[in-house]
Every structure is written in structure tokens, then in C-alpha cells.
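A short write-up of the structure that comes next.
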Amino acid sequence: MKQYKIVFDRKACIGAYSCAAVAEDIWNFDNKENKVDIKLAGMKGDKEKQEVIIDESMLQKALDSAEVCPVQVIKIIDLETGEEVKRS
Ligand code: SF4
């Protein structure tokens with residue numbers, strides 16, 4: 369199964385929460401900081417930058433959250449090509 373990486377620039381997140389509204393199994397809301405965190409197992413990173421590897425079963429939701437983010441701080445990378453994947 370193909371694998372992808374979600375790369376999240378948490379520092380630039382403005383807490384609009386749209387990502388979690390479309391993919392609540394990927395994002396957790398942090399009330400204290402008014403930002404989200406990746407909540408999937410295997411998440412790497414810290415408060416500034418977070419990453420996690422996903423497979424095709426999560427791809428659509430990940431792409432949806434990237435698409436609705438008003439500040440475009442969520443990127444989905446195809447691990448095979450290294451290219452960014454956009455919702456078609
Ligand atoms: S949609 Fe973007 S800005 Fe809003 S909470 Fe999600 S990552 Fe942050």
C-alpha cells in the first residue's frame with residue numbers, strides 16, 4: 369500500500385479548526401494554545417513542526433484537511449516521489 373507523509377507547520381497554525389472539522393480522526397484541538405496537533409500514532413515532532421506517515425486509507429481525509437486550511441500549513445507528501453499531493 370502506498371505511503372504518504374503529513375507535514376504540519378504547527379507554528380503557523382491559526383486555530384481555525386477547519387482541518388479537524390473534516391478529519392477529526394487526524395487532528396486534536398489544543399484549547400490552551402488554540403492550535404491543533406496530529407493525534408495519529410507514530411507522530412514525530414514538537415510544538416513547531418509535526419509529521420506522521422499514513423497509508424492510502426487516510427489519504428483522502430488528509431487531503432481534505434490540507435485543502436480547507438486557510439493558511440495552508442498542512443502538506444501531504446507522496447513518499448515514493450517526494451512530491452506534494454493535492455486534492456484532485
Ligand atoms: S485548518 Fe489550518 S489553521 Fe486551522 S487549525 Fe487546522 S491547521 Fe490550524
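Each residue of the sequence shown is one higher than the one before, counting from 369 in the numbering used here.
Note that beta-carbon positions come from the ideal geometry of N, C-alpha and C, so glycine has one too.
Check	Outcome
By Cβ distance below 7 Å, which residues in the same chain neighbour Glu424 in space, the five residues on each side in sequence not counted?	Met369 and Lys370
Going along the chain, which residues put their C-beta within less than 7 Å of some heavy atom in the ligand FAD?	The ligand FAD is absent from the structure shown, which contains only the ligand SF4.
Under a three-way DSSP split, which group does Gln524 fall into?	Residue 524 lies beyond the stretch modelled for the chain, which goes from 369 to 456, so this question has no answer here.
Examine the Cβ distances between the stretch 447-454 and the stretch 388-399 and report whether three or more of them are shorter than 8 Å.	no
Going along the chain, which unbroken runs of the beta strand (DSSP E) with 3 or more residues stay wholly within the stretch 372-413?	395-398 and 403-406
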